[in-house]
Amino acid sequence: MKKDIVMGAQVVCSTCIGAGSPDLKGFSFPLLVLDEGSQASEPEALVPIMKGTHQVIIVGDHKQLPPTVMSEKALAKGLGVSLFERLTEAGVPSTLLGVQYRAHPLLFEFPSARFYSGAVQSGVSPEQRPQLTPPFPPLKPNVPRAMTKDGDASPVVFVNLPEGQEAIGSSGKSKVNEAEAQLVQQVVLWLQRAAGLANEDIGVVSPYAAQVELLKQKFLDASSSSAASTANASKQAAKGTAQSQGLGSGSGGSAQGSMVAAAPAAGQVQVASVDGFQGREKEVIVFSTVRSNAGGNIGFLKDPRRLNVAITRAKRLLVVVGNKATLAAGGCSHWTAWMEYLEHKGWVLPAASLALS
Numbered sequence: 257m258k259k260d261i262v263m264g265a266q267v268v269c270s271t272c273i274g275a276g277s278p279d280l281k282g283f284s285f286p287l288l289v290l291d292e293g294s295q296a297s298e299p300e301a302l303v304p305i306m307k308g309t310h311q312v313i314i315v316g317d318h319k320q321l322p323p324t325v326m327s328e329k330a331l332a333k334g335l336g337v338s339l340f341e342r343l344t345e346a347g348v349p350s351t352l353l354g355v356q357y358r359a360h361p362l363l364f365e366f367p368s369a370r371f372y373s374g375a376v377q378s379g380v381s382p383e384q385r386p387q388l389t390p391p392f393p394p395l396k397p398n399v400p401r402a403m404t405k406d407g408d409a410s411p412v413v414f415v416n417l418p419e420g421q422e423a424i425g426s427s428g429k430s431k432v433n434e435a436e437a438q439l440v441q442q443v444v445l446w447l448q449r450a451a452g453l454a455n456e457d458i459g460v461v462s463p464y465a466a467q468v469e470l471l472k473q474k475f476l477d478a479s480s481s482s483a484a485s486t487a488n489a490s491k492q493a494a495k496g497t498a499q500s501q502g503l504g505s506g507s508g509g510s511a512q513g514s515m516v517a518a519a520p521a522a523g524q525v526q527v528a529s530v531d532g533f534q535g536r537e538k539e540v541i542v543f544s545t546v547r548s549n550a551g552g553n554i555g556f557l558k559d560p561r562r563l564n565v566a567i568t569r570a571k572r573l574l575v576v577v578g579n580k581a582t583l584a585a586g587g588c589s590h591w592t593a594w595m596e597y598l599e600h601k602g603w604v605l606p607a608a609s610l611a612l613s
């Protein structure tokens, strides 16, 4: 039956490895379109190419993250270089898709200049990516707001949190930053409650798996606590209604019930690694950088491709939480340049200036 379906199809979709499935044995595909080709290792890419292909179109971006390879020996032998990158570097003719339709133009200003030599332009206007209402971030009195030259709230906000210190996660390998996780949780709750964003509009990313798990747990705990409060408030509301019907009191219980019931389920917000978020997008991205130390050690954040992915997922707003001094001194010219860019724009704010609660 599967073979009949494939035989009757004009287009067959599969993963690279799935193209070698027994279900596709004996079939040939003269035209192959390999999407996210820069994330496929050469052996992976060869699986569909060997299916009688006459023409291959590879779509990808070697300025973003390469194939995930766990073996250090394999990396040393070149397995981390995708076929897309190898062909591009070899001078095989390529076409640049020079217009981006995802992000607010100012969100893409630095990536375009730094990673693509200014060749990628924006096909959307600021009006098509409007600021939040109320605008982020909420500020304490007498704190100047980060603005664009048009008078709008900036689409990028770097929240400087030098007091948050990195630590080794429970796995003994990955890293966490508890203070950053707490602040990220507060930011997300504000985005939901004050700005009215739905869960599916918000993405939370971090380069470290342990921080991703910590954030997931915090959101899950908050969601469970909210659900318990809602249930309790509903009981109080019902009790208050009964009292008002019988004794003329209890209206306060009903109001509390409606307020708590409206609390968002933060546990449903998508939290993922930067690597895992490549190819995705959200209205708002909150980026927890984790690294915070006196030595300016930023580990694998030094890879500029990881920075490029992290700061190009948002459509309307990018909120970055981190230690500016550590990131600027981390030995990566791209991070240093980005910190200088944000500082020049006036888009760096101390965490203490925010009024999230």
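The numbering used here numbers the first residue of the sequence shown as 257 and each following residue consecutively. Cβ coordinates follow ideal geometry from the N, Cα and C atoms, glycine included.
Inter-segment contact for the stretch 563-574 and the stretch 361-381 is present: three or more beta-carbon pairs are separated by less than 8 Å. Counting along the chain, V443 sits inside the alpha helix (DSSP H) bounded by residues E434 to R449.
Around the beta carbon of C269, a 10 Å sphere encloses fewer than 16 other beta carbons of the protein chains shown; the residue is thus reported as exposed. Counting the other Cβ atoms within 10 Å of the Cβ of Q384 gives fewer than 16, which makes it exposed. Apart from sequence neighbours up to five positions away, the residues of its chain that approach V565 with a beta-carbon distance below 6 Å are Q320, L321, V530 and Q534, ordered along the chain.
Each of F366, Q448 and A611 was checked against the Cα of S479, and the nearest Cα belongs to Q448.
The DSSP-derived three-state label of K538 is strand. Counting C-beta pairs with one atom in each stretch, the stretch 391-398 and the stretch 418-430 have fewer than three that are closer than 8 Å, which means they do not touch. In the DSSP assignment, I313 falls within the beta strand (DSSP E) that extends over Q311 to I314. DSSP places N416 within a strand segment (E or B) once states are collapsed to three. Under the 8 Å Cβ criterion, the stretch 469-477 counts as touching the stretch 433-444, having at least three qualifying pairs.
The C-alpha of Q266 is placed about 52 Å away from the C-alpha of E599.
Residue state for I458 is assigned as strand, using DSSP reduced to three classes. Straight across, the Cα-Cα distance linking A359 with D260 is about 42 Å. Secondary structure note for V289: its beta strand (DSSP E) is the uninterrupted segment L287 to L290. Beta-bridge partners assigned by DSSP to P400: none are found.
As DSSP reads the structure, V376 sits in no beta bridge. Assignment of L353 by DSSP, reduced to helix, strand and coil, places it in the coil class. Here L363 carries a coil assignment [DSSP, helix/strand/coil]. G587 and P299 have their alpha carbons spaced roughly 33 Å apart. With respect to the 8 Å criterion, D457 and K538 are classified as neighbours on the basis of their beta carbons.
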